[in-house]
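Student:
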Amino acid sequence: MDTEPYDFQRCKLCGAAAAAPRYRLKATTIQVCAACDFHFITQLDVMPGDQPETEIRTLDVVAWNFIEKQLKKNRPQLERRLDLVAHHTPLHETECLDIGAGVGLFGHLLEGTGAIPFGIEPQLVFRQFAEEKYRLQLRAETIDHPYWQERHAGRFAVVTLWDTLEHLNFPVETLRDAIRVMRPGGLLFLDTPSRDSLYYRISEWSYRLSNGANPLFLNSLYSPKPFRHKQIFTVRQLTELIERLGLELVELNRSGALDSSNKIVLVAKKPEKASA
Numbered sequence: 423m424d425t426e427p428y429d430f431q432r433c434k435l436c437g438a439a440a441a442a443p444r445y446r447l448k449a450t451t452i453q454v455c456a457a458c459d460f461h462f463i464t465q466l467d468v469m470p471g472d473q474p475e476t477e478i479r480t481l482d483v484v485a486w487n488f489i490e491k492q493l494k495k496n497r498p499q500l501e502r503r504l505d506l507v508a509h510h511t512p513l514h515e516t517e518c519l520d521i522g523a524g525v526g527l528f529g530h531l532l533e534g535t536g537a538i539p540f541g542i543e544p545q546l547v548f549r550q551f552a553e554e555k556y557r558l559q560l561r562a563e564t565i566d567h568p569y570w571q572e573r574h575a576g577r578f579a580v581v582t583l584w585d586t587l588e589h590l591n592f593p594v595e596t597l598r599d600a601i602r603v604m605r606p607g608g609l610l611f612l613d614t615p616s617r618d619s620l621y622y623r624i625s626e627w628s629y630r631l632s633n634g635a636n637p638l639f640l641n642s643l644y645s646p647k648p649f650r651h652k653q654i655f656t657v658r659q660l661t662e663l664i665e666r667l668g669l670e671l672v673e674l675n676r677s678g679a680l681d682s683s684n685k686i687v688l689v690a691k692k693p694e695k696a697s698a
């Protein structure tokens with residue numbers, strides 16, 4: 423998807439030319455849309471090209487050891503996400519697409535249920551780890567690529583985006599493309615940080631009261647570095663977006679105001695028949 427140039431006055435959620443700088447942080451600026459109150463930063467990732475072998479960073483011992491350490495922390499949450507998917511649909515021989523697959527752990531867990539996992543991961547080092555550790559072949563092409571939109575339209579019974587939506591350059595377009603590769607009646611599962619948390623609200627108050635000198639957690643919640651957080655949704659914004667894209671909300675879980683995990687977990691269904 424083309425990322426240059428982008429006018430950050432245009433809201434990435436509602437499309438209105440109504441976004442303006444609100445919070446100026448150490449390394450980036452948070453835009454806030456006057457029309458829908460969406461918060462997003464003024465950076466986009468440059469995505470790896472169609473020749474991933476040209477990427478400089480590859481899997482080495484340092485990267486391997488770091489990933490292994492992170493897996494120990496991430497596995498329990500992904501096991502809970504697997505339980506959520508299995509609660510809603512049988513997984514044996516079910517074709518599942520994981521967007522933002524990381525190092526392939528969720529695909530590996532899916533394989534253990536008899537499901538047929540597919541995965542998208544633009545970062546070469548993660549794809550290399552997935553292949554070496556789990557024997558999973560993840561694809562570099564993002565969901566808007568013809569490989570998915572033309573060859574796999576209407577195919578998948580399950581599409582997942584775990585800790586992915588907040589990292590995307592264009593979350594609305596990515597979700598729309600994800601829905602196109604879902605079969606009628608297919609299920610979308612995602613989780614993403616919630617802007618409704620007390621941590622976020624306190625950070626906004628602190629920024630305003632200190633005239634920008636003390637933004638508390640905002641500097642850690644957003645980053646201009648590659649594949650870091652670019653936007654954070656409220657529950658209302660995300661559920662309204664899901665419904666606007668034509669999905670039926672099946673399940674919604676949210677962390678409490680004091681819960682440091684600070685997540686929205688959502689399940690939505692594609693209609694059995696397309697609307698006219």
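In this note's numbering, the protein residues as written are 423 to 698.
Ideal Cβ placement from N, Cα and C applies to all residues, glycine included.
1) If you scan the region 450-516 from start to end, which runs of the alpha helix (DSSP H) of 4 or more residues do you find wholly inside it?
2) Classify G576 as helix, strand or coil using the three-state DSSP reduction.
3) Using the rule of at least 16 other Cβ atoms within 10 Å of the residue's Cβ for burial, across every protein chain shown, is D472 buried or exposed?
4) Note down, in chain order, each residue of its chain lying with its Cβ closer than 7 angstroms to the Cβ of S682, except the 5 sequence neighbours on either side.
5) Can you give me the Cβ contacts of L674 inside the same chain, cut-off strictly under 8 angstroms, excluding the 5 residues immediately before and after it?
6) Expressed to the nearest angstrom, what Euclidean distance is found between the alpha-carbon atoms of A698 and G668?
7) CB-CB under 6 angstroms to A380, same chain, minus the five flanking residues each way: which ones, in chain order?
8) Below 8 angstroms on the Cβ atoms is my contact criterion, and I expect I521 with I565 to pass it. Report the Cβ-Cβ distance as a whole number of Å.
9) When burial is assigned at 16 or more other CB atoms within 10 Å of the CB, is A600 buried or exposed?
10) Would you say F460 and K652 are within 9 angstroms of each other, going by their C-beta atoms?
11) Would you list the residues sitting across from F540 in a DSSP beta bridge?
12) From L587, A579, K495, Q571, pick the residue whose C-alpha is nearest to that of S616; which is it?
13) DSSP three-state call for F430: helix, strand or coil?
14) Note down, in chain order, each residue of its chain lying with its Cβ closer than 6 angstroms to the Cβ of Q431, except the 5 sequence neighbours on either side.
15) For V468, count neighbouring C-beta atoms within 10 Å of its own C-beta (all shown protein chains included) and say buried if the count is 16 or more, exposed if not.
16) Tell me which residue opens and which closes the alpha helix (DSSP H) that A552 is part of.
Tutor: Taking the coordinates as given:
1) Look at the region 450-516 and you find these whole runs of alpha helix (DSSP H), each 4 residues long or longer: 483-510.
2) In the structure shown, G576 sits in coil (DSSP, three-state: anything other than H, G, I, E or B).
3) The predicted model places D472 with a pLDDT of 48, which falls under 50 and marks its position as unreliable, so this point remains unresolved.
4) With a pLDDT of only 48 at S682, under the threshold of 50, the placement of this residue in the model should not be trusted, and no figure is reported.
5) Around L674: V657, T661, I686, V687, L688, V689.
6) The predicted position of A698 is uncertain, since its pLDDT is 39 and thus under 50; no value can be drawn from it.
7) A question about residue 380 goes unanswered here, because the residues of the chain that appear run from 423 up to 698.
8) Here I521 really is in contact with I565; their C-beta atoms are around 6 angstroms apart, less than 8 angstroms.
9) By the neighbour-count definition (other C-beta atoms within 10 Å, threshold 16), A600 is a buried residue.
10) Not closer than 9 angstroms, so no.
11) Answer is L519, bridged to F540.
12) Comparing Cα-Cα distances from S616 to each of L587, A579, K495, Q571, the minimum goes to L587.
13) When secondary structure is reduced to three states using DSSP, F430 falls in the coil class, being assigned neither helix nor strand.
14) The beta carbon of Q431 lies closer than 6 angstroms to those of A439, A441 in the same chain, with the five residues before and after it left out.
15) Flag for V468 reads exposed.
16) Here the alpha helix (DSSP H) through A552 covers 546-556.
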